[in-house]
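Chains A and U are the protein sequences, given in the same order.
The working numbering puts the last residue of the first sequence at 467; the count rises by one with no breaks.
The working numbering puts the last residue of the second sequence at 308; the count rises by one with no breaks.
Even glycine gets a Cβ: it sits at the ideal position worked out from N, Cα and C.
Take a look at the structure below.
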Amino acid sequence: MSFSWARPYEPKHPVARWIDERLPLPRLVYGAIGGGYPVPRNLNYWWNFGVLAGIFLTIQIVTGIVLAMHYFASIDGAFNSVNQLIMRDVSAGWLLRYAHMNGASFFFIVTYIHIFRGLYYGSYKAPRELVWMLGLVIYLLMMATAFMGYVLPWGQMSYWGAQVITGFFSAFPMVGEPLRIWILGGYAPDQAALTRFFSLHYLLPFVIAGVVVLHIWALHIPGSSNPTGVDVKDEKDTLPFHPFYTAKDGWFAAAVLLVYALVTYFAPNYLGHPDNYIPANPLATPAHIVPEWYFWPFYAILRSCTFNLFWIDAKLWGVLAMFGSILLLFFLPWIDRSPVRSGAYRPVFKRFFWLLVVDVVILGYVGGAPITPFNAALGQLAAAYYFLHFLVILPLVSAFETPLPLPNSISESVLHGEAAESAPAGQASRPGSVAVATAE
Amino acid sequence: MRWILGLIGTVFAAVLLLSFLSGITAYFQNPPAPLASDEFHREPKGLHLASDGPFGKFDKQQLQRGFQVYKEVCSACHSMKLVSFRDLKGIGYSDAEVKAIANQWQTEVPSINPDTGEPATRKALPSDTFPAPFANDTAARAGNNNALPPDLSLITKAREGGAAYVYSLLTGFQNEPAELLKKFPDAKTPTGLHYNPYFANLNIAMPPPLTANQVTYADGTPATVDQMAQDVSAFLMWAAEPKLGNRHRWGYVVIIYLLFATGFAYAAYRNIWRNVKH
Chain A
28 MSFSWARPYE PKHPVARWID ERLPLPRLVY GAIGGGYPVP RNLNYWWNFG
78 VLAGIFLTIQ IVTGIVLAMH YFASIDGAFN SVNQLIMRDV SAGWLLRYAH
128 MNGASFFFIV TYIHIFRGLY YGSYKAPREL VWMLGLVIYL LMMATAFMGY
178 VLPWGQMSYW GAQVITGFFS AFPMVGEPLR IWILGGYAPD QAALTRFFSL
228 HYLLPFVIAG VVVLHIWALH IPGSSNPTGV DVKDEKDTLP FHPFYTAKDG
278 WFAAAVLLVY ALVTYFAPNY LGHPDNYIPA NPLATPAHIV PEWYFWPFYA
328 ILRSCTFNLF WIDAKLWGVL AMFGSILLLF FLPWIDRSPV RSGAYRPVFK
378 RFFWLLVVDV VILGYVGGAP ITPFNAALGQ LAAAYYFLHF LVILPLVSAF
428 ETPLPLPNSI SESVLHGEAA ESAPAGQASR PGSVAVATAE
Chain U
31 MRWILGLIGT VFAAVLLLSF LSGITAYFQN PPAPLASDEF HREPKGLHLA
81 SDGPFGKFDK QQLQRGFQVY KEVCSACHSM KLVSFRDLKG IGYSDAEVKA
131 IANQWQTEVP SINPDTGEPA TRKALPSDTF PAPFANDTAA RAGNNNALPP
181 DLSLITKARE GGAAYVYSLL TGFQNEPAEL LKKFPDAKTP TGLHYNPYFA
231 NLNIAMPPPL TANQVTYADG TPATVDQMAQ DVSAFLMWAA EPKLGNRHRW
281 GYVVIIYLLF ATGFAYAAYR NIWRNVKH
């Protein structure tokens with residue numbers, strides 16, 4: 028794959044040679060994440076989060092398989108199997124469960140950083156459109172998996188979350204209500220829904236793993252992007268993935284796992300909601316139904332639509348806006364037509380990017396907070412900006428912006444980085460070279 | 031395509047801005063009435079427990095006092111269905127003591143008569159969970175003015191504020207402030223309910239459960255209401271999270287391991303990259 032100077036796999040041991048001639052799996056791995064994959068030498072730490080997402084997917088699958096050995100997918104037994112059997116009686120069951128609960132949150136944290144890195148550095152642009160779109164497919168699958176996983180303990184938020192989320196479908200005219208009943212297997216979340224959510228919650232992570240393989244495969248055709256956004260030109264621009272990026276990913280992964288362990292061992296319920304420690308009760312609605320924190324921005328968009336426009340009522344607008352807010356990302360490679368990939372060389376784009384980050388944080392806050400007139404108004408403005416950003420501002424910026432001059436090559440920008448570092452303050456005006464300098 | 035997408039974006043933004051405008055118009059034309067529960071509800075008081083913080087571990091003496099309060103006061107109405115008698119070994123009781131506690135428990139365990147198959151009850155065993163004071167929720171409501179006393183197994187994890195909330199609620203009973211009645215004449219505490227500013231809607235069905243010297247502590251600690259409330263909150267913290275001590279202990283080992291792992295891996299990274307310009 029990728030570059031002509033990629034080191035070929037040369038097994039030395041006769042056993043390795045024997046295997047390679049019959050099943051070249053080690054060759055595949057060597058070319059994918061070994062010494063045979065040349066990577067731009069100037070990647071900064073924002074490029075570490077893809078590997079981290081893979082690590083958290085693995086943690087989720089391993090802890091999840093063991094949890095499933097002790098979990099009962101029954102509406103009478105689910106809550107107790109989690110909160111009595113697993114949390115009290117299974118050896119280290121509390122650790123498995125807290126690792127899984129917080130593993131989901133960390134999977135989303137690193138994935139969000141990974142997505143925003145892609146947005147800033149234009150990683151969605153040609154020739155990596157399919158890498159981006161497969162990534163979005165993974166993200167959608169993650170959302171479905173996380174939602175169904177949250178239903179499994181059958182607590183109050185599980186139950187009412189399932190009620191609200193499946194209720195989205197009933198917003199669609201005609202087909203909506205039959206569709207909702209078909210999905211739930213009944214008129215409300217019940218045994219049928221719980222059993223199928225458990226089945227799908229077990230299945231989808233393996234589908235995610237499959238799409239991750241496609242995501243990495245598609246990535247390895249053009250090779251990784253880099254903070255300058257300039258294409259790799261020759262061997263001077265790259266380093267073999269192993270040992271250089273395995274070492275860099277390795278220490279950074281250990282550092283992130285340290286943070287994950289701090290939360291898992293010392294504040295395991297910090298990211299959760301107390302109501303999910305109350306068994307599901309179809310007759311008592313919680314005061315505030317909120318999803319897990321990683322859905323808050325979308326929940327805010329959903330709740331912000333309160334106006335019936337044309338023949339579409341507010342509820343359907345909310346559902347359309349919520350789905351639309353994710354689906355529009357699939358069109359991003361064609362919405363942003365600036366030939367320059369990296370936000371570091373796009374002064375106007377960069378400002379709007381940070382505004383978007385603030386906007387999404389505000390949406391996240393509003394989605395998790397109780398509805399007050401102030402929060403509702405704030406969420407409506409932030410949601411409107413979200414759509415304007417991607418569908419109006421971004422195409423205009425990419426058409427009218429004058430980008431800064433790009434370096435001729437990655438290796439040249441690396442040398443520039445050093446010059447910028449030793450130059451007097453203010454003279455290092457090229458953001459790209461500053462980014463490279465700080466990555467050192 | 032960009033034009034179509036731009037149009038779609040504008041329509042969504044328009045719906046949201048119209049929602050915004052109609053929202054603020056409604057707010058200014060018809061401001062929402064203030065609620066007594068918004069103004070008079072109070073956040074939990076501070077409660078310091080030995081189990082707090084990353085270095086916290088349970089104070090078994092206090093947990094045993096708290097268990098005594100649960101046994102002699104709370105368990106009359108509140109079940110604790112997820113906790114077993116054998117779990118009490120975790121707060122310092124011996125096998126024999128656990129057996130005796132189970133055997134002497136005020137409620138017996140539903141069972142069947144081995145000869146006739148008729149419903150019957152038997153004495154609890156260490157392997158049993160705490161028997162519920164009522165046969166079912168309907169019976170519990172019937173005995174409590176139609177209010178359901180919640181199960182206490184997970185109560186400190188199932189309420190915002192945790193153990194501090196339980197402590198505040200137990201010590202928070204008081205007369206309804208005159209100021210509240212002046213401002214919200216309709217918000218008078220209904221008969222059969224009790225004013226408590228730490229409860230979400232201010233009026234709780236549970237009567238004040240604790241009175242001074244209601245229990246006689248074996249270790250001689252004076253049984254003030256505040257002391258009993260603290261002790262039972264600590265006990266319920268343990269009931270909800272019995273593995274907290276293990277969790278913290280394992281946590282130190284894992285954190286120290288990961289600190290070393292991060293340090294060594296960072297040194298390896300610096301070593302590998304030492305001659306590389308990047």
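With respect to chain U, the C-beta atom of G256 of chain A has no partner C-beta closer than 8 Å. By the criterion of a C-beta distance shorter than 7 Å, P318 of chain A is surrounded in its chain by G188, Y326, once the five residues flanking it on both sides are discounted. When 8 Å is used as the limit between beta carbons, N296 of chain A is near these residues of chain U: K187, in chain order. Rounded to whole angstroms, A106 of chain U and L289 of chain U show a C-alpha spacing of 49 Å. For chain A, none of the residues of the region 195 to 218 of chain U brings a beta carbon within less than 7 Å of one of its beta carbons. Burial check for P397 of chain A: the Cβ neighbour count within 10 Å stays below 16, so the residue is exposed.
Within chain A, the C-beta atoms nearer than 7 Å to that of P272 of chain U come from R115, in chain order. P65 of chain A has a beta carbon lying at 8 Å or more from every beta carbon in chain U. Comparing C-alpha distances from T201 of chain U to each of U:L240, U:H278, U:R189 shows the shortest one belongs to U:L240.
In the displayed model, H247 of chain A falls within a helix according to three-state DSSP.
Scanning chain A for C-beta atoms nearer than 8 Å to the C-beta of L112 of chain U yields N107, N110, Q111, R115, reported in chain order. With a cutoff of 8 Å on beta-carbon distance, S438 of chain A and D264 of chain A are scored as near each other.
Taking a beta-carbon distance threshold of 8 Å, E190 of chain U counts as an interface residue toward chain A. H127 of chain A carries a helical assignment under DSSP once its states are collapsed to helix, strand and coil. When beta bridges are read from the DSSP output, I339 of chain A appears opposite A:L336. Against chain U, the CB of W187 of chain A has no partner CB under 8 Å away; the residue lies outside that interface. Beta-bridge pairing by DSSP links P149 of chain U to U:I142. Between the alpha carbons of V178 of chain A and K212 of chain U lies a gap of roughly 45 Å. Counting other Cβ atoms within 10 Å of its Cβ, N110 of chain A reaches 16 or more and is therefore classed as buried.
Against chain A, a Cβ distance below 7 Å from T40 of chain U picks out V419.
Contact of S132 of chain A with chain U is not assigned, every C-beta pair being separated by 8 Å or more. At least 8 Å separates the CB of S31 of chain A from every CB of chain U. Considering only A:Y57, A:A403, A:R368, A:P422, the residue with the shortest C-alpha distance to L46 of chain U is A:A403. Residue state for I102 of chain A is assigned as coil, using DSSP reduced to three classes. Beta-bridge analysis with DSSP links I234 of chain U to U:H224.
Sorting A:P200, A:L79, A:W344 by C-alpha distance to the C-alpha of A411 of chain A places A:W344 at the top. Only buried fits E206 of chain U, as 16 or more other CB atoms lie within 10 angstroms of its CB.
Looking at the backbone, the Cα of Y228 of chain U and that of Y197 of chain U are separated by about 10 Å. Using a CB distance cut-off of 8 Å, V139 of chain U does not count as an interface residue toward chain A. Contact annotation: in the region 44 to 58 of chain U, residues whose CB is within less than 9 Å of a CB in chain A are A44, V45, L46, L47, L48, S49, F50, L51, S52, G53, I54, A56, Y57. The closest CA to that of L163 of chain A, considering only A:S436, A:F233, A:H242, A:F337, is found on A:H242. Per DSSP, the unbroken beta strand (DSSP E) holding T265 of chain A starts and ends at 265 to 267. Nearest in C-alpha terms to V41 of chain U, of all of A:Y413, A:L55, A:F427, A:M128, is A:Y413.
Linking G293 of chain U to D82 of chain U through their CA atoms gives a straight-line distance of about 29 Å. A270 of chain U and D89 of chain U do not touch by the CB rule: their CB atoms are close to 16 Å apart, not below 8 Å.
Residues of chain A whose Cβ lies closer than 7 Å to the Cβ of L288 of chain U are, in chain order, A281, L284, L285, A288.
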